[in-house]
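The structure under discussion appears below in the form of structure tokens.
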Amino acid sequence: MGGDDDFNQLIASLGDILAFSDDGQSLGVGIEISDSIDAAAIRHKAGLSQAAFARRIGVSVGTIRNWEQGRRSPQGPARILLALLDRNPRIVEETLGDREEAQRISLAPQEVS
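Count the sequence shown with the UniProt record's numbering and you get residues 1 to 113, in order.
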């Protein structure tokens, strides 16, 4: 698996990981994420341009613009990732390594809703 595939698999599995305990049994609690994810506020909190933020999370600049202008809303794994970034703007670097390492992973932009 390449870097993109690894990252996408990590994000896609995050909801499942958070919902289950170490022994695979359901914790019986759901993950609550606000209905209104403010992508622009999260990006500003991270101190990034739209292009840099898009690269950091592996989506296109168009996707960021659509989220910020309210034409689309982040769904599924994108919502979870944005919620994590809202709590910790450096979670990508802390999880995947420093900025240079994160750039070497070279996440390919993808259109997501």
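Even glycine gets a Cβ: it sits at the ideal position worked out from N, Cα and C.
- With contacts defined as CB atoms closer than 8 Å, Ile57 and Leu81 qualify as a contacting pair.
- Rounded to the nearest whole angstrom, the C-alpha separation of Ser73 and Arg79 is 8 Å.
- Distance from the CA of Arg90 to the CA of Ala39, rounded to the nearest whole angstrom, comes to 15 Å.
- Spanning the alpha carbons of His44 and Glu32 requires a straight line of approximately 23 Å.
- Per DSSP, the unbroken alpha helix (DSSP H) holding Arg87 starts and ends at Gly76 to Arg87.
- C-alpha of Leu10 to C-alpha of Leu48: approximately 23 Å in a straight line.
- For Ile42, the three-state secondary structure derived from DSSP is helix.
- In the DSSP assignment, Ile37 falls outside any alpha helix (DSSP H) and carries neither an H nor an E.
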